[in-house]
Amino acid sequence: MTHPDTLPLATDPAQHPAVFAAAFNSGDPDALARVYEPGAVFVPGPGRAVYGPELARASAEFQGLGLPITVRPRHTYVADDLALLIVDWSIDGTAPDGAPVHLTGTATDVARRGPDGRWRYVIDNPFGTA
């Protein structure tokens with residue numbers, strides 16, 4: 144398991160999806176939590192936004208599949224300290240219970256540059272086009 148402090152956050156918003164994928168694929172919930180701002184929103188399914196501890200639980204469900212996520216950034220639009228990230232992603236494989244998993248989506252995410260110059264998600268909407 145990766146120690147959450149060993150995974151550097153992105154200074155370039157276009158690199159934030161790769162940082163997210165590395166944190167997700169580490170299997171470490173603390174590493175994954177670092178890619179979000181406090182108060183961030185996660186949309187685990189169309190029309191359902193979660194915050195705080197519920198965000199951590201919803202993220203843990205995806206991470207708990209034990210399968211890697213693949214991300215393919217499509218567009219990055221930056222205005223000052225905000226970035227809109229359009230990212231194709233997929234999770235494929237076999238879940239711990241033996242069930243086949245095939246999840247895909249096109250995320251519409253918003254990241255913000257913090258005072259430390261690092262980017263973190265404010266809104267993580269993996270099924271953004273649904």
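Going by the working numbering, the sequence shown runs without a break in its numbering and finishes at 273.
Think of the CB as a built atom: it goes at the ideal place given N, C-alpha and C, for glycine as much as any other residue.
CA-CA distance, residue i and residue j?
i	j	result
GLY241	ALA254	35 angstroms
PHE167	PRO211	7 angstroms
HIS159	GLY260	12 angstroms
ALA199	HIS218	26 angstroms
PRO172	GLY236	20 angstroms
ILE229	TYR264	13 angstroms
GLU204	GLY190	18 angstroms
Rounded to whole angstroms, how far is the Cβ of residue i from the Cβ of residue j, which I believe are closer than 8 angstroms?
i	j	result
VAL184	ILE266	5 angstroms
LEU152	TRP232	Rounded, the Cβ-Cβ distance is 19 angstroms, inconsistent with contact.
ASN268	THR251	5 angstroms
VAL221	PRO156	6 angstroms
PHE270	VAL193	Not a contact, Cβ separation roughly 13 angstroms.
In the DSSP output, which residue or residues are listed as bridge partners for residue i?
i	result
THR272	None, per the DSSP bridge assignment.
PRO216	VAL230
Beta-carbon within less than 7 angstroms of residue i's beta-carbon, same chain only, minus the 5 sequence neighbours each way: which residues are those?
i	result
ASP224	ARG255, ARG256
Less than 8 angstroms between C-beta atoms, sequence neighbours within five positions excluded: which residues of the same chain meet that for residue i?
i	result
LEU150	VAL162, ALA165, ALA166, SER169, ALA174, ARG177
May I ask whether a heavy atom of the ligand ZN can be found less than 6 angstroms away from the beta carbon of residue i?
i	result
ALA192	Of the ligands one can find in the structure shown there are none, so the ligand ZN has no counterpart to examine.
| field | Those runs of the beta strand (DSSP E) which lie wholly inside the region 152-212 and span at least 3 residues | value | 179-188, 191-194
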